[in-house]
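Encoded as structure tokens, the structure appears first; notes follow it.
2 protein chains.
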Amino acid sequence: MDERKRRILELLVEDYVNMGEPVGSRTLSRKYQLGVSPATIRNEMADLEEQGYLEHPHTSSGRVPSDKGYRYYVDQLLERPGLDRSLIEGIQASYRAKAREIAWLIHQTARLVSDITAYPTVVLAPRGEDARLAGLSVVILAPALAVLVLQTDSGYIESRTVGVPPELMGSDLAAMVAEISNTLEGVPLRDLENAMVKRLRGDLWRHHGFWLEVIQRLASRGDDEERVALSGTRSMLNYPEFRDVERLKRVLGFLETESEIDRLLRTRVSGRVEVLIGTEVPADDIQDCSVVTAAYRAGDQVVGRLLVLGPRRMHYGRVIAVLEAVSEELSRALEWA
Amino acid sequence: MDERKRRILELLVEDYVNMGEPVGSRTLSRKYQLGVSPATIRNEMADLEEQGYLEHPHTSSGRVPSDKGYRYYVDQLLERPGLDRSLIEGIQASYRAKAREIAWLIHQTARLVSDITAYPTVVLAPRGEDARLAGLSVVILAPALAVLVLQTDSGYIESRTVGVPPELMGSDLAAMVAEISNTLEGVPLRDLENAMVKRLRGDLWRHHGFWLEVIQRLASRGDDEERVALSGTRSMLNYPEFRDVERLKRVLGFLETESEIDRLLRTRVSGRVEVLIGTEVPADDIQDCSVVTAAYRAGDQVVGRLLVLGPRRMHYGRVIAVLEAVSEELSRALEWA
DNA sequence: CATTAGCAGTCGTGTGTCCCGAGTGCTAAT
DNA sequence: ATTAGCACTCGGGACACACGACTGCTAATG
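Those protein sequences? They're chains Y and L, same order as listed. Each residue of the first sequence is one higher than the one before, starting from 0 at the first, in numbering that gives the first Met the number 0. Each residue of the second sequence is one higher than the one before, starting from 0 at the first, in numbering that gives the first Met the number 0.
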């Protein structure tokens, strides 16, 4: 693969990514002043096709990159575009506002990435299984109303408003919560239920039904709706690849199915940004799509991932750069200061 | 308009709502055993068309209800279907979990309604302008980290995690918050900023920049993203009316634009469920759609609305029934106990 | 030997034509 | 008032055709 072939492949991929239509030899030579005639380019393209980097939708059309072509482009030719100074600052600023509430963080991240890249984005909430209880606090708002705040050793915070049952209304709620907090400190969240059954005593035990329910809801990060955030699906309508409504339905269905996303993301283990192109994506519902994923960390441990989905013809360079920046900021936001 | 005409109009609307295709005289007579021949029905339909209740997409097709036809159906013929016992219980259960956090409430409601009705749903957050500060509390999680909880007289609660600036780290945060809370109790949220500038004294004044920012963020219910919840857009793909991608884009754009939704909903003042059919909807982007809206209350005052959008051919009866039930439950959840 | 011009060949797409069938409106019979 | 019968209308699918974009090949060129 000589220099000129590489150059042609690069230009072809980029033109196709931008234009969305098969690229012909004439276009290529005229548009990018390659200094050679279309015929020469045709010869080169024939070679590239034979080697599997290009495809021919049909005889009388221009060429399109194959998965292998994209792969070569991403691995060998792509240079990461530097992001705008102002864009980076925007990303940083958007994490400054409030930080530790998981639901907010993942929604914010999904929205941010889908806004910047114009591709749909899914963010998986951080794994919380290994987290341990670091503290439990209560704010009493009214005789029958309180806010409980749970804090983990990895720095997550969850709060819930709870109604106080009548039989507890006279008692010293703050003291009870403090006692629970002391008793259970250091217990992994997933063992909380067991630990409570075993360790609660006295007054606490008498009301353990109430406490159990409240704390379970706090610890499990409740409803699935808070375990995954999806944003930017509307942008799909801008890509001719998704003009077909049936296809749109399949892809959207996939993105909204937590188990599928989970399966796809949990098997990626590396801490770096990864790119899956076309058939490399192990999911039947999203044929002819590409996926870029990144990990984020809490401390030095990878705790979650996010994913950007687009047509195979996607702006890999920009997406990769954005994901690197965002996952970096998200990790920083999760750092336990 | 005699009984038989009414019956024909009713059946035609319902068949068209279910099938989505213009209804012919033959279909009508065969499918619903009207006891008269297609020819008779044709005559009746011709009359109904002349009176403006029906339309003819083209000469050789069946009839379709006009806006006036739907309107007559909704006002005169529609009988509200009773909802399943189990469905009602499901609705009630979904509000039992946690209650007073606005963002959660409106998202939950949007999701609930769009799941039940299979139409996209928008919920506007309650107006908060008239609410007054009822209390402010703090939970200190770490030297530099605290959760602030704001409570209004109408029962809303908002909480935010905040980083405590270094210069405040030694001081008695709880006392400061209690003092602010006392000082500002009863102040309408929209005047908080002014009131703080005027009333803060001593230590509090010295750090008023910090307090101002924190409390403003609490009171303004922050980002727009929390002022409106949208759910169920994917269900649009199931209606042939939205097969056209351009149209889909327009309608989605409308639903995602808070100002448009606001304009549409704020002008509806009644506390009951209202139906807008086709051209009755005052918005150019959503031609050929219908909208059902309902109000919800906090106490005895209407504080917000929600909206279900569908093709003109929508299941008015069911949507109305669901909105009545849901807005009732939502109002109950907002009641200040 | 690499490059290029020229030309025949291929095939998707847009356009025009035709036919079918569903459904109507009208008229005359009941 | 209702119904049967029939001519008529019109949208949509099937088919054919021409256009044009692009290729692949061959032969000429430096």
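C-beta: ideal position from N, C-alpha, C; glycine also.
Same chain, Cβ closer than 6 Å to residue i, neighbours up to 5 away in sequence not counted
| i | result |
| --- | --- |
| Val-73/Y | Val-274, Tyr-315 |
| Val-280/L | Val-290 |
| Ser-326/L | Ala-293, Tyr-295 |
| Ile-115/L | Val-321 |
| Tyr-94/L | Glu-328, Ala-332 |
| Asp-14/Y | Val-22 |
| Leu-149/L | Leu-135, Glu-157, Leu-217 |
| Thr-160/L | Val-146 |
Short CB-CB distance (under 8 Å) between residue i and chain L
| i | result |
| --- | --- |
| Leu-8/Y | no |
| Val-138/Y | yes |
| Gly-23/Y | no |
| Glu-100/Y | yes |
| Ile-90/Y | no |
| Asn-181/Y | no |
| Ile-156/Y | yes |
| Gly-309/Y | no |
| Glu-255/Y | yes |
Start and end residues, alpha helix (DSSP H) containing residue i
| i | result |
| --- | --- |
| Ala-218/L | 207 to 218 |
| Ser-85/L | 84 to 93 |
| Leu-247/L | 244 to 255 |
| Ile-179/Y | 172 to 183 |
| Ile-101/Y | 101 to 116 |
| Asp-46/Y | 37 to 49 |
| Ser-330/Y | 315 to 333 |
Beta-ladder partner(s) of residue i, from DSSP
| i | result |
| --- | --- |
| Val-148/Y | Ser-136/Y, Ser-158/Y |
| Tyr-295/Y | Gly-303/Y |
| Thr-58/Y | According to DSSP, which records beta bridges pairwise, Thr-58/Y is partnered with nothing at all. |
| Val-22/Y | Arg-62/Y |
| Pro-187/L | Arg-131/L |
| Ser-289/Y | Ile-276/Y, Gly-309/Y |
Proximity to residue i [Cα-Cα], best of the options
| i | options | result |
| --- | --- | --- |
| Lys-67/L | Ser-60/L, Leu-47/L, Gly-61/L, Arg-79/L | Leu-47/L |
| Pro-142/L | Glu-166/L, Ala-130/L, Arg-84/L, Asp-129/L | Glu-166/L |
| Ser-59/L | Gln-91/L, Gln-50/L, Gly-23/L, Tyr-69/L | Gly-23/L |
| Glu-245/Y | Leu-247/L, Phe-209/L, Arg-242/L | Arg-242/L |
| Gly-340/L | Val-196/L, Leu-217/L, Ala-218/L | Residue 340/L lies beyond the residue range present for chain L, which begins at 0 and ends at 336; the question has no answer from this structure. |
| Gly-19/Y | Ile-139/Y, Ala-145/Y, Pro-239/Y | Pro-239/Y |
| Gly-185/Y | Leu-135/Y, Ala-124/Y, Gly-81/Y, Arg-216/Y | Leu-135/Y |
| Asp-287/Y | Leu-247/Y, Ala-177/Y, Leu-229/Y, Asn-193/Y | Leu-247/Y |
| Thr-151/Y | Gly-61/Y, Ala-109/Y, Ala-130/Y | Ala-130/Y |
| Leu-123/Y | Val-227/Y, Ala-194/Y, Ala-38/Y, Val-148/Y | Val-227/Y |
| Asn-193/Y | Thr-182/Y, His-106/Y, Ile-101/Y | Thr-182/Y |
| Glu-255/L | Ala-177/L, Met-168/L, Pro-119/L, Val-63/L | Pro-119/L |
| Val-138/Y | Val-176/L, Met-168/L, Ala-109/L | Val-176/L |
| Leu-203/L | Leu-172/L, Pro-187/L, Leu-188/L, Leu-229/L | Leu-172/L |
| Glu-334/L | Ala-324/L, Ala-297/L, Asn-17/L, Ile-105/L | Ala-297/L |
| Val-12/L | Ser-170/L, Glu-257/L, Tyr-69/L | Tyr-69/L |
Min CB distance residue i to chain Y below 8 Å
| i | result |
| --- | --- |
| Thr-343/L | Residue 343/L is absent from the structure shown; chain L starts at 0 and stops at 336. |
| Ala-117/L | no |
| Ile-285/L | no |
| Gln-215/L | no |
| Val-176/L | no |
| Gly-303/L | no |
| Val-250/L | no |
Residues near residue i by beta carbon distance below 7 Å, same chain, minus five either side
| i | result |
| --- | --- |
| Arg-267/L | Glu-273, Thr-292, Arg-304 |
| Leu-77/L | Tyr-315, Gly-316 |
| Thr-278/Y | Asp-66 |
| Leu-10/L | Leu-27, Tyr-31 |
| His-55/Y | Glu-48, Arg-62 |
| Arg-41/Y | Ser-24 |
| Gln-91/Y | Glu-328 |
Close beta carbons around residue i, own chain, < 8 Å, minus the five adjacent residues each side
| i | result |
| --- | --- |
| Ile-285/Y | Arg-249, Val-250, Phe-253, Leu-308 |
| Gln-75/Y | Arg-5 |
| Ala-336/L | Any reading at Ala-336/L is ruled out, since the residue's pLDDT is 43, under 50, leaving its predicted position unreliable. |
| Gln-107/Y | Ser-93, Tyr-94 |
| Glu-100/L | Ile-156, Glu-157, Ser-158 |
| Leu-144/L | Thr-160, Val-161, Gly-162, Val-163 |
| Ser-170/Y | Asp-202 |
| Leu-191/Y | Leu-132, Leu-183, Ile-214, Gln-215, Ala-218 |
Residue interval of the beta strand (DSSP E) (run including residue i)
| i | result |
| --- | --- |
| Ile-276/Y | 273 to 276 |
| Leu-229/Y | 227 to 230 |
| Leu-123/L | 120 to 123 |
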